[in-house]
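Have a look at the structure below, then the notes.
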Amino acid sequence: GGDGGGPSECDNKYHPNNTPVVALSTGWYKGGSRCGQEIIIHGNGRTTRAKVVDECDSTMGCDDEHAYQQPCRYNVVDASYAVWKALGVSPNNPKYGEMEITWTDA
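If you're matching positions, the sequence shown starts at 1 in the working numbering and goes up one per residue.
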C-alpha cells in the first residue's frame with residue numbers, strides 16, 4: 001500500500017510513508033483477519049506500534065494483481081518509513097530494510 005506496489009489489501013488505499021503501517025507475510029496476515037489491527041514491534045532496542053494494512057504475499061507474485069513484485073519471503077513484516085524511524089533506524093543505516101524484530105498483537 002505504499003512501497004511502489006498496488007493499494008493495500010485491507011482497505012484498497014495507499015498509505016503515506018509517514019504513517020506507521022505494515023504488511024504481514026501470508027501466514028501472519030491470516031486471510032485478512034489482522035486487517036486494521038495494531039501490532040507491537042520490538043527491534044533495535046526500541047518498541048513501536050503499527051497498523052496492519054496489507055499482505056506481503058508469500059505465495060503469489062509477478063502478476064498484475066501483485067504489481068509484478070516478487071513474492072515475499074516467509075516471516076516478513078514489511079514496514080513503512082514511520083515504523084523504521086520509530087525504531088531508530090534511518091535509511092542510511094545498514095539495518096534499514098531488513099533486521100531482526102519480534103512482534104505481538106496489540
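Note that the Cβ used here is the ideal one computed from N, Cα and C, for glycine as well.
Rounded C-beta distance between residue i and residue j? I'm assuming under 8 Å.
i, j, result
"cysteine 10", "glycine 32", "7 Å"
"asparagine 17", "alanine 82", "7 Å"
"valine 76", "serine 8", "About 15 Å separates the two Cβ atoms, so there is no contact after all."
What span of residues does the beta strand (DSSP E) with residue i cover, start to end?
i, result
"lysine 85", "No beta strand (DSSP E) holds lysine 85; the alpha helix (DSSP H) holding it covers 81 to 86."
"isoleucine 40", "38 to 43"
"threonine 102", "102 to 105"
"threonine 48", "46 to 56"
Could you give the DSSP three-state label for residue i: helix, strand or coil?
i, result
"threonine 26", "helix"
"cysteine 62", "Residue confidence is low: cysteine 62 scores 47 on pLDDT, short of 50, so the model does not pin down where it sits. No coordinate-derived value is stated."
Evaluate residue i with the Cβ neighbour count: other Cβ atoms within 10 Å of its Cβ, from every protein chain shown; 16 or more gives buried, anything less gives exposed.
i, result
"arginine 34", "buried"
"proline 107", "There is simply no residue 107 to check, as the chain begins at 1 and stops at 106 in what is shown."
"tyrosine 96", "exposed"
"glycine 43", "buried"
"tyrosine 14", "exposed"
"serine 90", "exposed"
Does chain C have any CB closer than 8 Å to the CB of residue i?
i, result
"glutamate 38", "Protein chains in the displayed structure number just one, and chain C is not present."
Among the residues of its own chain, which have a CB less than 6 Å from the CB of residue i, if the five just before and after it don't count?
i, result
"isoleucine 40", "Arg49, Thr104, Ala106"
"lysine 51", "Val21, Glu38"
Which same chain residues, not among the five before or five after residue i, have their C-beta less than 8 Å away from its C-beta?
i, result
"arginine 46", "Ala86, Leu87, Gly88"
Once you ignore the five residues that flank residue i on each side, which residues in its own chain have a CB closer than 7 Å to its CB?
i, result
"asparagine 92", "none"
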